[in-house]
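Just below is one structure, and these are the notes that go with it.
Residue numbers (the working numbering): 1 to 97.
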């Protein structure tokens, strides 16, 4: 029984750290998205880096909302990039179902 308790404590601790990391990623991504949009940045590499992170966070509703926000902005000047990330999200979400 003690081994099971230790195992569950370890799993709980790991899950908590993952959750904390995801919250940090979201906070950093939120700041990055706001900077990109407010400063009208069109640097494809910077936007792709942010979208890659947001794609990982898109399984959470607030991450998905931020992903969509950046895609709406990107659509204005790079429809191909926007479409690529929409397809990536669809593929990812279909794999998780």
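All C-beta atoms, glycine included, are put in the ideal place defined by N, C-alpha and C. Note that the structure is predicted; figures quoted are calculated from it, not measured.
{"Check": "Beta carbon of residue 48, beta carbon of residue 81: below 9 Å?", "Outcome": "yes"}
{"Check": "Compare the C-alpha of residue 66 against each of 34, 11, 6 and 16 and name the closest.", "Outcome": "34"}
{"Check": "Please list the terminal residues of the continuous alpha helix (DSSP H) segment that includes residue 2.", "Outcome": "2–38"}
{"Check": "Could you tell me the alpha carbon to alpha carbon distance between residue 72 and residue 6, rounded to whole angstroms?", "Outcome": "46 Å"}
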